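Asker: Let me begin by handing over the structure; questions about it come next.
2 protein chains.
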Amino acid sequence: MARGGKSKSKNLQTGEIQNLAEMFRLLGDPTRLRIVLACSTRDLSVGDIAETLELSQSLVSHHLRLLRAGRILRAERHGRHVFYGAADDHIRHVIADMVEHVAEAHSHTRAKTAA
Amino acid sequence: MARGGKSKSKNLQTGEIQNLAEMFRLLGDPTRLRIVLACSTRDLSVGDIAETLELSQSLVSHHLRLLRAGRILRAERHGRHVFYGAADDHIRHVIADMVEHVAEAHSHTRAKTAA
DNA sequence: CAAATATATGAAGAGGTATTCATATATTGA
DNA sequence: TCAATATATGAATACCTCTTCATATATTTG
Numbered sequence: 001m002a003r004g005g006k007s008k009s010k011n012l013q014t015g016e017i018q019n020l021a022e023m024f025r026l027l028g029d030p031t032r033l034r035i036v037l038a039c040s041t042r043d044l045s046v047g048d049i050a051e052t053l054e055l056s057q058s059l060v061s062h063h064l065r066l067l068r069a070g071r072i073l074r075a076e077r078h079g080r081h082v083f084y085g086a087a088d089d090h091i092r093h094v095i096a097d098m099v100e101h102v103a104e105a106h107s108h109t110r111a112k113t114a115a
Numbered sequence: 116m117a118r119g120g121k122s123k124s125k126n127l128q129t130g131e132i133q134n135l136a137e138m139f140r141l142l143g144d145p146t147r148l149r150i151v152l153a154c155s156t157r158d159l160s161v162g163d164i165a166e167t168l169e170l171s172q173s174l175v176s177h178h179l180r181l182l183r184a185g186r187i188l189r190a191e192r193h194g195r196h197v198f199y200g201a202a203d204d205h206i207r208h209v210i211a212d213m214v215e216h217v218a219e220a221h222s223h224t225r226a227k228t229a230a
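If you're matching them up, the sequences are chains A and B in order. For the record, in the first sequence the residue sitting at position 62 is 62 according to the working numbering, with numbers rising by one throughout. For the record, in the second sequence the residue sitting at position 57 is 172 according to the working numbering, with numbers rising by one throughout.
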């Protein structure tokens with residue numbers, strides 16, 4: 001308990017901050033975020049992701065590698081297809097939260113791009 | 116709420132995805148994340164942030180500008196000092212969530228490295 | 001085996017970004 | 001006013017990352 005519980009302490013170790021930043025960084029690219037959102041609810045094959053999002057197979061594969069390495073997505077092979085999905089419920093929860101928050105933020109954010 | 120409630124819909128518009136990714140991107144740099152964490156609970160002056168985190172005043176100021184522009188932090192002037200803090204409760208909530216999640220993730224970090 | 005399909009990977013270029021250094025702009029007080 | 005303090009900003013640069021193109025590696029089927 002020297003490191004604080006789950007109440008209000010925000011004192012993270014250097015390594016944890018690096019981890020957290022790395023996760024944010026991975027979600028911080030629009031293309032990667034679209035990929036994560038696309039297969040966070042149901043698993044999708046690489047080809048399906050590429051087709052759905054209208055991205056090249058190569059680009060999708062490159063991004064999937066990073067997302068796998070960052071433990072955001074996990075891969076599962078079925079025959080010649082590889083299906084990708086959220087790494088765990090924790091990730092699913094985080095994503096759902098963010099989506100919800102962004103929706104809320106948007107509802108009372110008047111300024112910005114609209115015109 | 117125009118489309119989709121706060122239930123399970125994850126269908127974001129292109130603009131919303133851009134916004135969300137931009138927010139993640141801003142939090143995705145370790146230095147910036149440290150700055151945000153430092154002043155997300157209580158407001159801090161630029162000098163205090165620099166001293167606390169052992170960063171140059173210039174670097175802190177550059178990052179603060181980005182965080183302000185991204186509506187993650189807000190600035191408030193008092194005399195010759197400028198205090199920075201979380202832009203709103205929404206931001207505070209998001210950060211608290213992520214911190215909590217990263218802590219949990221860390222506790223059972225041994226997922227499958229399977230390929 | 002070879003062919004067809006699905007995915008992964010290496011190299012390379014274009015563009016972006018974090019950091020530093022120097023300097024500019026407030027703000028207060030004598 | 002000038003000096004001192006606090007913050008902001010511009011330019012330069014070294015580094016990193018996204019994307020594309022070409023090619024390699026699996027996997028199933030004939």
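For each residue, glycine too, the CB sits at the ideal point set by N, CA and C. Since we're looking at a predicted model, the values are computed, not measured.
May I ask you to report which of helix, strand or coil DSSP gives Ala21(A)?
Answerer: Taking the first residue of the first sequence as position 1, residue 21(A) is located at position 21. Of the three classes helix, strand and coil, the one that applies to Ala21(A) here is helix, per DSSP.
Asker: Looking only at C-alpha atoms, which of Gln172(B), Gly162(B), Arg189(B) sits nearest to Arg207(B)?
Answerer: Start at 1 with the first residue of the second sequence, and residue 207(B) comes out as number 92. Nearest option by C-alpha distance: Arg189(B).
Asker: Would you decide whether Gly28(A) is buried or exposed? Buried here means 16 or more other CB atoms lie within 10 Å of its CB.
Answerer: Here residue 28(A) refers to the residue found at position 28 when the first sequence is read from its first residue. Flag for Gly28(A) reads buried.
Asker: Just the Cα atoms here: how many angstroms apart are Ile210(B) and Asp48(A)?
Answerer: The sequence position of residue 210(B) within the second sequence is 95, counting from 1. The sequence position of residue 48(A) within the first sequence is 48, counting from 1. When rounded, the separation of the alpha-carbon atoms in Ile210(B) and Asp48(A) is 33 Å.
Asker: Which residues does DSSP list as the beta-bridge partners of Gly200(B)?
Answerer: If you number the second sequence from 1, residue 200(B) lands on position 85. Beta-bridge pairing links Gly200(B) to Arg189(B).
Asker: So, helix, strand or coil for Ser160(B), using DSSP?
Answerer: As a first step, residue 160(B) must be located in the second sequence, where it is residue number 45. In this structure, Ser160(B) counts as strand in the three-state DSSP scheme.
Asker: Please tell me whether Tyr84(A) and Leu59(A) are closer than 9 Å, where the distance is taken between their beta carbons.
Answerer: Working through the first sequence from its first residue, we reach residue 84(A) at position 84. Working through the first sequence from its first residue, we reach residue 59(A) at position 59. Taking 9 Å as the Cβ cut-off, Tyr84(A) and Leu59(A) do not qualify as a contacting pair.
Asker: Can you find a CB in chain B that lies within less than 9 Å of the CB of Ile17(A)?
Answerer: Start at 1 with the first residue of the first sequence, and residue 17(A) comes out as number 17. Yes, Ile17(A) counts as interfacial toward chain B.
Asker: For a quick check, are the C-beta atoms of Leu152(B) and Leu26(A) less than 9 Å apart?
Answerer: Mapped onto the second sequence, residue 152(B) falls at position 37. Mapped onto the first sequence, residue 26(A) falls at position 26. No, they are not a contact pair.
Asker: Return the CA-CA distance between Ala230(B) and Glu191(B), expressed in angstroms with no decimal places.
Answerer: Looking up residue 230(B) in the second sequence gives position 115. Looking up residue 191(B) in the second sequence gives position 76. Low local confidence applies: a pLDDT of 30 at Ala230(B) is under 50, so the model's placement there is unreliable, with the coordinate-based value given in what follows. So the two alpha carbons sit approximately 50 Å from each other.
Asker: What would DSSP say about Asp97(A), mapped onto helix, strand or coil?
Answerer: Sequence index remark: in the first sequence, residue 97(A) carries index 97 (1-based). Residue state, collapsed to three classes: helix.
Asker: First and last residue of the alpha helix (DSSP H) that includes Ile37(A)?
Answerer: Within the first sequence, numbered from 1, the residue matching residue 37(A) stands at position 37. Note that residue 37(A) is Leu in the sequence shown, not Ile. Counting along the chain, the alpha helix (DSSP H) containing Leu37(A) begins and ends at 30-38.
Asker: Which bits of chain A does Val161(B) rub up against, with CB to CB less than 7 Å?
Answerer: As a first step, residue 161(B) is located in the second sequence; it is residue number 46 there, counting from the start. Result: empty, since nearest Cβ-Cβ is about 20 Å, beyond 7 Å.
Asker: Going along chain A in order, which residues have a C-beta closer than 8 Å to the C-beta of His208(B)?
Answerer: By 1-based counting over the second sequence, the position of residue 208(B) is 93. Those are His101, listed as they occur along chain A.
Asker: Got a sec: is the Cβ-Cβ distance from Glu54(A) to anything in chain B below 9 Å?
Answerer: If you number the first sequence from 1, residue 54(A) lands on position 54. Glu54(A) does not count as touching chain B.
Asker: For His178(B), would you say it is in contact with chain A, using Cβ-to-Cβ distances shorter than 9 Å as the test?
Answerer: Here the question's residue 178(B) lines up with position 63 in the second sequence. Under the Cβ criterion of 9 Å, His178(B) is not counted among the residues facing chain A.
Asker: Tell me, to the nearest whole angstrom, how far the beta carbon of Pro30(A) is from that of Ala136(B); I am working on the premise that it is less than 8 Å.
Answerer: As a first step, residue 30(A) is located in the first sequence; it is residue number 30 there, counting from the start. As a first step, residue 136(B) is located in the second sequence; it is residue number 21 there, counting from the start. Their Cβ separation, rounded to whole angstroms, is 4 Å, which keeps Pro30(A) and Ala136(B) in contact under 8 Å.
Asker: From this set, Arg149(B), Met213(B), Ser160(B), which residue's C-alpha is nearest Gly194(B)'s C-alpha?
Answerer: Within the second sequence, the letter at position 79 stands for residue 194(B). When only C-alpha atoms are compared, the closest one is Ser160(B).
Asker: From the beta carbon of Gly28(A), is the nearest beta carbon of chain B less than 9 Å away?
Answerer: As a working note, residue 28(A) is residue 28 in the first sequence. Answer yes: the Cβ-Cβ gap between Gly28(A) and chain B drops below 9 Å somewhere.
Asker: Are Met23(A) and Met213(B) close, meaning C-beta to C-beta below 9 Å?
Answerer: Taking the first residue of the first sequence as position 1, residue 23(A) is located at position 23. Taking the first residue of the second sequence as position 1, residue 213(B) is located at position 98. A contact, by the Cβ cut-off of 9 Å.
Asker: Which two residues bound the contiguous alpha helix (DSSP H) that contains Arg180(B)?
Answerer: Numbered from 1 along the second sequence, position 65 holds the residue referred to as residue 180(B). First-last of the alpha helix (DSSP H) with Arg180(B): 172-184.
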